[in-house]
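In this note's numbering, each residue carries its 1-based index in the sequence shown increased by 21.
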Amino acid sequence: MAENIGSVELSSLSQIGTASATTNGKSSAPSPTAGSDNVVGSWLCADGEYQRYITALSSSNPSLAKPDPNNKKNPLRNGNALVVLLDAPATGPTRFEKTEFTQSLLRAHFEEASHNLKHDRRRIYLMEGLAPDYVSMVGGHFFMDPTFFQRHERTCVWSDKFTPVSDALPLPSSLEPDTSFHLQYCELREFNMRLETVPYFCNRTGRHVGLTAPRPDSTTGIVRRKVGWWSQETGNGGWDVVILCDPRIDRLRGNPRVKLEGESEPSLIIDPDNNLENGPFQGGYIDFLPTVTRDLANTGRPHPHDSMLRDLIYYFEKSSHLITEEAWKTPSSSALFLKKIVAAHYHQLVDYIKVMLPSLELKLTTAWIEEQDHWRYLQTISRRCGNYRDDIEDTLFSLGYSLEPPSKVRAGKWEDCERDFQYLYFRLKLLKERTDSLMQAMTGLASIAGNRQNLEEAKRVQRLTGLALFFVPLAYTSSLFSMQDNYAPNKGKFWVYWVSAIGVVLVTFILAMVADRALDDTARWSWKHVSDKHLPFWKGKGSPGKVKRKTTGIHGPARR
C-alpha cells in the first residue's frame, strides 16, 4: 500500500481521509519526501487513514510534507508521548476522573469510543509530546486538521537562514479561537549546574533554551514552549477537547548546526547520563486563582509546577468548580486554565527581565569597564523582548483579543484572560523601549570613553614627539662632527659638540612650536596667526592693535 500512497485522488471531501488510488498512472498528490517509509506525512504520523489524509492535504499546505530540519538528528519516535483523559458527565457538578493511557489502552479506548461519537460526556485529552503512533490514534479518531500537530513540531524562533519550513500564523480570517489555537510561551527553569553560553535545545522538542546573558554565572534558563488546544461538540451537552503540550526538560543538546572540534556529528548531547536536574524558577509562577480561606488552604495536594500537563491536571481536578456550570456547557471553558498558566509564565518572565535591567543601568553610574559585553547583553535583552512581544501579539490574534492596552477603570476578574495578555503585551513594549534607550545611553558613554582613550593616546604620541625632538638633533650633530680626532669624547674640542647640539635642540624646539602654532582652526598656514596670537610683542604690518568697541543700542553715544 505504501507504494500507492503517493498517488491519491479525492472523489469528494468526505473521502479525503480514505482515498488512495491512481488515475491513468498519473499522480494527483505531491511526490513523496524522505521519511520512515518515504511517504509524505510519515515523519509526523504512522501508517493509516490519517496519514493518507495528511498526504492529500499536503498539496494545499506544503509544510505537511517536510519535518523541521532542526529535528533531523532527533526525529519523532513512536511511543514517545503520553495521553491522559479527564472525563466528566455533561450534567451535574463537573468533576473529572483521570485515566492515563498506554499505547494499547489508548487504542482500545478509541475503538470503543468510535461506536458512540455522539456521546454526552465532557472529555479532555491531554497529550504530552509528539509521537507518530499517538498522532495517528488521536488525529485519526477525530480527523483533526493535521496542521494542529505540524505547527506544534516547528521549532524555529529566529534564524539567519531561510529554512524550507515556517511557523507562521494563518490569515486572521482563517483563525477560529473557539475551535483551535496555538500559543507560544516561555518558562523559567533553574538547572543544577551552570551551563556554558552556547545555544542549547530541549532534546525531545528541539526548542531553544536561552541563558541569562548579563549573569554568566546564573543557572537560570528561559525555555521556549508551545501548547495547542482543539475542540468539537458532540451533541447532548457533550464535547471533546485535545490539548497538546510540551514535556518537561530532562536532557539538553547543543546547536545541531554547529560541529565542535573532534566530533563527527554536528549535534552535541549534553549530560548523556541524564543527570541534568531542573526545577521551576523561584518555586514557580504565582497562582492566579482567587485566594482561598484558611480551612481550604490546608487541604488538597500542593501545586506540582512540573509541566503543563501536570499543572493542567492539578487545576482541572482541584478548581473546576470555580467555573460556572453555564460556562462548562461550551468546550471553550476548558481552555481557561491553559490560558491562565501561559499568562502566569509570561508574567514571571516580565518580572525577571524588569529586575535584570537595573543591574545594567547601574553601569552608567559606575566606572566604565567591559562596555562591549554590557552593550551585547542589552542587545540580547532587546532582541528577546521583541520576540516575546511578537509571541504575545500572535497570542492576542489567535485568541481573538484586542491589541489595545487594558482599561484602568474596568474592574478585573480572575477569569479575564484578555486583560492579562493585553497587560503583558503592554509591559513588554515598555521593556523593549527601555532597553533600547539604555542601549543608546551606553553607546554614548562608550563614545565618551573612546574619546578619552584617543586623548590619552594623543598624549603618548606627544611625549614620544618631545623625546624625538630632543634626541634627533643630538644624533644629527654627532654624525655631522663624526666624533673623531679632537671632537671625540675626552678630547680637547669635545665641548664644541655640546654647544652645537644644545643650540640645534633649541632651534628645533622653537621651529616645532612655531610650526604647530602657525596652523589655524581650518588647518591653514598663517604667519599672521602666529604673530598676532602667540607673539604679542610682534607688531608687524596688519597688526590689529587696539580693539575699538562697536556701537550698540545700549552702550552707544547719547543722542543729541
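Using N, Cα and C, we set each Cβ at its ideal position, and we do this for glycine too. Predicted, not measured: the structure shown is a model, and the values here were computed from it.
Would residue i and residue j be called neighbours here (beta carbons separated by less than 8 Å)?
i: leucine 330; j: leucine 459; result: no
i: phenylalanine 202; j: arginine 274; result: no
i: phenylalanine 164; j: tyrosine 71; result: yes
i: arginine 410; j: lysine 450; result: yes
i: tyrosine 446; j: leucine 420; result: no
i: glutamate 217; j: proline 88; result: no
i: serine 252; j: proline 352; result: yes
i: phenylalanine 418; j: alanine 364; result: no
i: serine 328; j: arginine 269; result: yes
i: valine 60; j: arginine 144; result: no
i: glycine 258; j: threonine 120; result: no
i: alanine 152; j: asparagine 95; result: no
i: leucine 357; j: glutamate 436; result: yes
i: proline 427; j: arginine 440; result: yes
i: leucine 78; j: proline 167; result: yes
i: leucine 97; j: leucine 65; result: yes
i: proline 114; j: histidine 326; result: no
In terms of alpha-carbon separation, which member of the options lies closest to residue i?
i: glutamate 346; options: Asn91, Gly69, Arg116; result: Arg116
i: phenylalanine 122; options: Pro311, Tyr155, Leu138, Pro110; result: Tyr155
i: phenylalanine 302; options: His366, Thr120, Phe164, Ala533; result: His366
i: glutamine 608; options: Ile270, Gly304, Trp64; result: The structure shown does not extend to residue 608, since the chain is modelled only from 22 through 581, so no value can be given for it.
i: leucine 310; options: Thr351, His324, Thr255; result: His324
i: leucine 107; options: Lys339, Glu133, Val482; result: Lys339
i: glycine 407; options: Glu454, Phe418, Val263; result: Glu454
i: lysine 375; options: Ile402, His136, Thr255, Ala356; result: Ile402
i: serine 135; options: Glu118, Glu149, Gly160; result: Gly160
i: valine 219; options: Leu78, Arg210, Gly231, Glu208; result: Gly231
i: arginine 300; options: Gly242, Asp261, Lys247; result: Contrary to the premise, residue 300 reads as glycine rather than arginine in this sequence. Cα-wise, what sits closest to glycine 300 is Gly242.
i: isoleucine 307; options: Leu196, Ala462, Asn92, Leu209; result: Leu209
i: methionine 664; options: Gly256, Glu133, Lys139; result: For the chain, the structure presents residues 22 to 581; residue 664 sits outside this window and is missing.
i: glutamate 149; options: Lys514, Ser521, Ala102, Asn507; result: Ala102
i: isoleucine 523; options: Tyr335, Leu495, Ala77; result: Leu495
i: tyrosine 444; options: Tyr422, Thr464, Gly465; result: Tyr422
i: threonine 226; options: Ser194, Pro193, Arg172; result: Arg172
i: histidine 224; options: Leu126, Asn92, Glu478; result: Contrary to the premise, residue 224 reads as asparagine rather than histidine in this sequence. Nearest option by C-alpha distance: Asn92.
i: glutamine 205; options: Asp199, Leu196, Arg272, Leu190; result: Leu190
i: isoleucine 264; options: Ala509, Gln461, Ile334; result: Ile334
Can you tell me which of the three DSSP states residue i falls into?
i: aspartate 294; result: With a pLDDT of 49 at aspartate 294, under the threshold of 50, the modelled position of that residue is not reliable, and no figure is offered here.
i: phenylalanine 164; result: coil
i: glycine 56; result: Because glycine 56 sits at a pLDDT of 43, beneath the cut-off of 50, its placement in the model cannot be relied upon, and the point is left open.
i: arginine 73; result: helix
i: tyrosine 336; result: helix
i: tyrosine 306; result: coil
i: methionine 534; result: helix
i: histidine 229; result: strand
i: methionine 214; result: coil
i: phenylalanine 170; result: helix
i: lysine 434; result: coil
i: aspartate 415; result: helix
i: lysine 514; result: coil
i: asparagine 137; result: coil
i: glutamate 118; result: strand
i: serine 194; result: helix
i: serine 252; result: strand
i: serine 341; result: helix
i: glutamine 369; result: helix
i: alanine 86; result: helix
i: leucine 107; result: strand
i: tyrosine 206; result: strand
i: proline 379; result: helix
i: aspartate 154; result: helix
Count the other CB atoms, across all protein chains shown, that sit within 10 Å of the CB of residue i; report buried if there are 16 or more and exposed otherwise.
i: threonine 176; result: buried
i: isoleucine 531; result: exposed
i: alanine 67; result: buried
i: histidine 354; result: Before going on, a small fix: residue 354 reads as serine here, not histidine. Flag for serine 354 reads buried.
i: valine 528; result: exposed
i: arginine 404; result: exposed
i: valine 371; result: buried
i: serine 468; result: exposed
i: aspartate 267; result: buried
i: glycine 332; result: Note that residue 332 corresponds to aspartate in the displayed sequence, not to glycine. The residue in question, aspartate 332, is buried, as its Cβ has 16 or more Cβ neighbours within 10 Å.
i: asparagine 213; result: exposed
i: serine 534; result: Per the sequence presented here, residue 534 reads as methionine, with serine not at that position. So methionine 534 counts as exposed.
i: serine 288; result: Note that serine 288 has pLDDT 46, beneath the 50 cutoff, so the model's placement of it is unreliable and the number below is only indicative. Classification for serine 288: buried.
i: arginine 73; result: buried
Can you tell me the Cβ-Cβ gap for residue i and residue j, rounded? I've got them flagged as a contact below 8 Å.
i: tyrosine 146; j: valine 104; result: 6 Å
i: leucine 399; j: threonine 312; result: 38 Å between Cβ atoms; not a contact.
i: glycine 249; j: lysine 139; result: Not really, about 25 Å apart at Cβ, beyond 8 Å.
From the beta carbon of residue i, is the nearest beta carbon of chain D less than 8 Å away?
i: serine 380; result: You won't find chain D in this structure, because it holds only one protein chain.
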